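Undergrad: Dumping the structure here so I can ask a few things about it.
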Amino acid sequence: MSVPPDHTPATSDTPQSVTPQLEYLPQAGWLGRAITLAARPFAICIIAAMAILVMEVFLRYVFNRPTVWAHETTIFLSAVTFIFGGLYCVARNTHIRVVLIYDVVRSSARRALDVVISIACLGVSLFFAWAAWLMVKKAMFRPDGSFFLETTGSAWNSPTPAVLKIFLLCVLVVMSVQFLILTFNYARGSKAPQGHDDV
């Protein structure tokens, strides 16, 4: 039976395709998978922000009819994306770190360092989550205790400052849970599947 030209079977002379790297850190567990899946809508926010800015330039300089909401909306969409980006980097183990010592020690020492680093990051995340809660309380409640979302004070006067602070708090809480999962999986010796970079 003949084989179509675009379906040539792989032989020893045919270069094998490189195994794609996993999208999330295996030790991140179910939460890492969920964070990776949730990242795509946030990526669209950047495209939406760009489209809104292009529209605003067109409306302002062609029709002389600028909007009152475009700049605040683009700032909000960009800020939401950057906030979520920190959580996304944790789930993928792509955050910036100094590896001067980490790269020269054995894998067993690396595992111990992974546990220590995850515990330290958990503590930092919890601290910032507590600080974010203090901001959220001020952004959601008046001094008399009544509910009121903090606004921008502009002509549009949107509640985006309060929404951003609430979102930051939620992300920091999820990040703390993610570091807790990483600590547990590193401590029990969970390893990345074959073909995935050692962490």
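Going by the working numbering, the residue at position 66 of the sequence shown is 120; the numbering climbs one at a time, nothing skipped.
Backbone N, C-alpha and C fix where the C-beta goes; we use that ideal spot for every residue, glycine too.
Quick caveat, the model's predicted, so the values are computed rather than measured.
Cα separation between W210 and I106?
TA: 16 Å
Undergrad: Alpha carbon to alpha carbon, what distance is there between D157 and R151?
TA: 11 Å
Undergrad: Starting from V225 and walking both ways along the alpha helix (DSSP H), at which residues does that stretch end?
TA: 214-241
Undergrad: Using alpha carbons as the reference points, say which of I129, F130, V111 lies closest to T121.
TA: Among I129, F130, V111, the Cα nearest to that of T121 belongs to V111.
Undergrad: Only counting the same chain, and skipping five residues up and downstream in sequence, which positions put a Cβ closer than 8 Å to that of R119?
TA: These residues qualify, in order along the chain: L113.
Undergrad: Please report the straight-line C-alpha distance between I98 and T135, rounded to a whole angstrom.
TA: Roughly 9 Å separates the two Cα atoms.
Undergrad: Report the CB separation of L218 from A133 in whole angstroms; it is logged as a contact under 8 Å.
TA: 6 Å
Undergrad: Could you check the C-alpha separation between S172 and G243 for me, to the nearest Å?
TA: 14 Å
Undergrad: Quick check on S230: buried or exposed, where buried means 16 or more other Cβ atoms within 10 Å of its Cβ?
TA: Label assigned to S230: buried.
Undergrad: Are any of the Cβ atoms in chain C nearer than 8 Å to that of L113?
TA: Considering every chain present, this structure includes no chain C. It has just one protein chain.
Undergrad: Around the C-beta of T237, are 16 or more other C-beta atoms found within 10 angstroms, so that it is buried, or is it exposed?
TA: buried
Undergrad: If I follow the unbroken alpha helix (DSSP H) through P95, where does it start and stop?
TA: 83-115
Undergrad: If you drop the 5 nearest sequence neighbours on each side, which residues of the same chain put their C-beta closer than 8 Å to that of A185?
TA: none
Undergrad: What three-state label does DSSP hand F195 in the structure shown?
TA: strand
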